[in-house]
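Shown next, in structure tokens, is the structure this report addresses.
2 protein chains.
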Amino acid sequence: MFTPRQQQVLTAALDLLVEQGDRLTMTSVARRASCSKETLYKWFGDRDGLLTATVQFQAAKVRMPQVDRWRLDAASLRASLEQFGRDLLSTIVGEVSVTLNRLAIGHAGAEKHGLGAIVLENGPLAIRRRLKSVLEAGREARLLRFDSSEDAYRTFFGLVVRDIQIRLLLGETITFGESEIARDAATATEQFLAVYDVS
Amino acid sequence: MFTPRQQQVLTAALDLLVEQGDRLTMTSVARRASCSKETLYKWFGDRDGLLTATVQFQAAKVRMPQVDRWRLDAASLRASLEQFGRDLLSTIVGEVSVTLNRLAIGHAGAEKHGLGAIVLENGPLAIRRRLKSVLEAGREARLLRFDSSEDAYRTFFGLVVRDIQIRLLLGETITFGESEIARDAATATEQFLAVYDVS
DNA sequence: TCCGAACCGTAACGTTCGGTACGGTAGCTC
DNA sequence: GAGCTACCGTACCGAACGTTACGGTTCGGA
Chain P
1 MFTPRQQQVL TAALDLLVEQ GDRLTMTSVA RRASCSKETL YKWFGDRDGL LTATVQFQAA
61 KVRMPQVDRW RLDAASLRAS LEQFGRDLLS TIVGEVSVTL NRLAIGHAGA EKHGLGAIVL
121 ENGPLAIRRR LKSVLEAGRE ARLLRFDSSE DAYRTFFGLV VRDIQIRLLL GETITFGESE
181 IARDAATATE QFLAVYDVS
Chain C
1001 MFTPRQQQVL TAALDLLVEQ GDRLTMTSVA RRASCSKETL YKWFGDRDGL LTATVQFQAA
1061 KVRMPQVDRW RLDAASLRAS LEQFGRDLLS TIVGEVSVTL NRLAIGHAGA EKHGLGAIVL
1121 ENGPLAIRRR LKSVLEAGRE ARLLRFDSSE DAYRTFFGLV VRDIQIRLLL GETITFGESE
1181 IARDAATATE QFLAVYDVS
């Protein structure tokens, strides 16, 4: 997809993005990456192309661990859900995630939805794909009860994320360590099971 | 706070903001409002001042209906919660809300958190203030059980909003009518009570 | 050793846009 | 009517920045 040298450039762009947000200039990227602007334009077309490539590059780095589906009982289901909650929260509170979401949201405001689609696809939707199969396995095993796995996923998302993401995006500085993440994921799982568990 | 003429100008700015996002120029605002740029700078200082005033102006227009707290029983509590859910969803899915949230998020990415604070204060936090008192009244009346009303509010927020807001911000076009809002608010209330109801 | 491709660094171009200056006008006061 | 204030419309200035152009360097292959 990208040559090693291109990956160096994209890494530099990502760093600058985290540091300065959307205000990064082509000149600053070229300087940081020790490459010429001509090369940037040759490789990525224009500024939007560079940003798109950067987002794709970052997205490709995120590799979701797969979760076992065999031997699903109440305990392992709960553990899986908690794991998903932790993954989701860890991703969302990360500086890179906040930065790229801000970038994509800014682009969406300029009628350019390309970045938004990429971020959506590789953030929430990637989690969703994995989680849905677990949820459906849980239903299959008579551990959960719901009509639409889509709705169930979105409820889980809401219980985990709550207002964290929007507050981070709006600039609030929330310190979120491993322990808070684990606690929130556990609480959200508890609440999710209180709603969807076969009771 | 603002003279009628100033309100005309801010309305024009808000319209342009919804139409073109953050790309609106001082010239376009002046033209749309039929005023001179000199006046804009005299009244609002600079571009950021104009944007801030626009956000404040819009925020001041949103007047939350108060909810009765007397005679709180299970039915009226449920009705209040549903009403809050509908209010929250209606606000969030509105074009103006999406636009101003995008604007504030962009500013937060540029280390200028002023707009983010205003949006936060007049959006989620305004709802929270009202909802918290209802929640605490519910606890007082032995209808709800929770330790932290803050956590309870945030859970309700998550159950109502789910992934709607982030998807809208990222540019997804979701058609959301009265009926969907009512249904989602009802479902969220149901789920909230399943978690926090004294059972 | 020569050639060409790729790339670096930098200079330059053109546009956009925030911000300022200025002349003209309507309305109000004395 | 003179003078003042507030405002409109427009022209202008300067900086930032995306984009292009160009000379110089490195390096692999014939």
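Chains as they are written, first to last, in our numbering: chain P, 1 to 199; chain C, 1001 to 1199. Where is the CB? At the ideal position from N, CA and C, for every residue including glycine.
Could you work out which residues of chain P lie near residue i, taking near to mean beta carbons separated by less than 7 angstroms?
i: Ile-1105/C; result: Arg-102, Ile-105, Leu-169, Leu-170
i: Val-1119/C; result: Leu-170
With the cut-off set at 8 angstroms, would you say residue i and residue j are in Cβ contact?
i: Thr-1025/C; j: Leu-1115/C; result: no
i: Met-1/P; j: Ala-59/P; result: no
i: Val-160/P; j: Gly-45/P; result: no
i: Gln-165/P; j: Ile-1166/C; result: yes
i: Phe-1157/C; j: Pro-1124/C; result: yes
i: Arg-1023/C; j: Ala-108/P; result: no
i: Thr-39/P; j: Ala-13/P; result: no
Looking only at C-alpha atoms, which of the options sits nearest to residue i?
i: Ala-137/P; options: Lys-37/P, Phe-57/P, Ala-12/P, Asp-73/P; result: Asp-73/P
i: Ser-90/P; options: Ile-181/P, Ala-188/P, Thr-187/P; result: Ile-181/P
i: Leu-1088/C; options: Ala-1075/C, Arg-1128/C, Leu-1014/C, Leu-1016/C; result: Arg-1128/C
i: Val-195/P; options: Gln-1191/C, Lys-1042/C, Thr-1175/C; result: Gln-1191/C
i: Gly-1106/C; options: Gly-21/P, Leu-16/P, Glu-95/P, Gln-6/P; result: Gly-21/P
i: Arg-139/P; options: Asp-197/P, Pro-4/P, Ser-76/P, Val-55/P; result: Asp-197/P
i: Val-18/P; options: Val-96/P, Ile-118/P, Ser-80/P, Lys-42/P; result: Val-96/P
i: Phe-1176/C; options: Thr-1011/C, Val-1093/C, Gln-1006/C; result: Val-1093/C
i: Gln-56/P; options: Cys-35/P, Arg-78/P, Ala-117/P; result: Ala-117/P
i: Ser-1133/C; options: Lys-1112/C, Ser-1080/C, Val-1119/C, Arg-1162/C; result: Ser-1080/C
Closer than 7 angstroms by C-beta to residue i: which residues in its own chain qualify, once you throw out the five before and the five after it? Chain order, please.
i: Leu-135/P; result: Leu-144, Ser-149, Ala-152, Tyr-153
i: Gln-8/P; result: Ala-33
i: Glu-82/P; result: Ala-185, Ala-186, Thr-189
i: Leu-1010/C; result: Phe-1002, Ala-1053, Thr-1054, Phe-1057
i: Glu-172/P; result: none
i: Trp-43/P; result: Gln-6
i: Asn-1122/C; result: Ala-1059, Val-1062
i: Val-119/P; result: Val-55, Leu-100, Asn-101, Ala-104
i: Leu-16/P; result: Leu-24, Ser-28, Val-29, Arg-32
Below 7 angstroms on C-beta distance, what does residue i contact in chain C?
i: Phe-157/P; result: Arg-1162, Asp-1163
i: Gly-94/P; result: What Gly-94/P touches in chain C: nothing, since even the nearest Cβ is about 15 angstroms away.
i: Gln-191/P; result: Thr-1155, Val-1195
Note down, in chain order, every chain P residue with its Cβ under 9 angstroms from the Cβ of residue i.
i: Asp-1022/C; result: Gly-106, Gly-109, Ala-110
Hey, is residue i's beta-carbon within less than 8 angstroms of any beta-carbon in chain P?
i: Ala-1194/C; result: yes
i: Pro-1004/C; result: no
i: Arg-1139/C; result: no
How would you list, in chain order, the residues of chain C whose beta-carbon sits under 9 angstroms from the beta-carbon of residue i?
i: Arg-31/P; result: Neighbours of Arg-31/P on chain C: none; closest Cβ ~20 angstroms, over 9 angstroms.
Can a CB atom of chain C be found closer than 8 angstroms to the CB of residue i?
i: Arg-154/P; result: yes
i: Gly-200/P; result: Lying outside 1 to 199, the shown extent of chain P, residue 200/P is not represented and no answer is given.
i: Ile-174/P; result: no
i: Ile-166/P; result: yes
Looking only at its own chain, which residues have a Cβ that is under 8 angstroms from the Cβ of residue i, when we skip the five neighbours before and after it?
i: Ala-1126/C; result: Val-1062, Met-1064
i: Arg-142/P; result: Val-198
i: Leu-1169/C; result: Val-1098, Asn-1101, Arg-1102, Ile-1105
i: Arg-78/P; result: Thr-189, Leu-193
i: Ser-1036/C; result: Ala-1030
i: Thr-174/P; result: A small fix is needed here, since residue 174/P is Ile in this sequence, not Thr. Correct list, in chain order: Val-93, Ile-164, Arg-167, Leu-168.
i: Lys-1112/C; result: Asp-1048
Strictly below 8 angstroms CB to CB, what residues from chain P border residue i?
i: Ala-1127/C; result: At residue 1127/C the sequence reads Ile, which differs from the Ala that was named. Simply none; closest approach about 10 angstroms.
Which same chain residues, not among the five before or five after residue i, have their C-beta less than 6 angstroms away from its C-beta?
i: Asp-48/P; result: none
i: Leu-193/P; result: none
i: Phe-1146/C; result: Ala-1152, Tyr-1196
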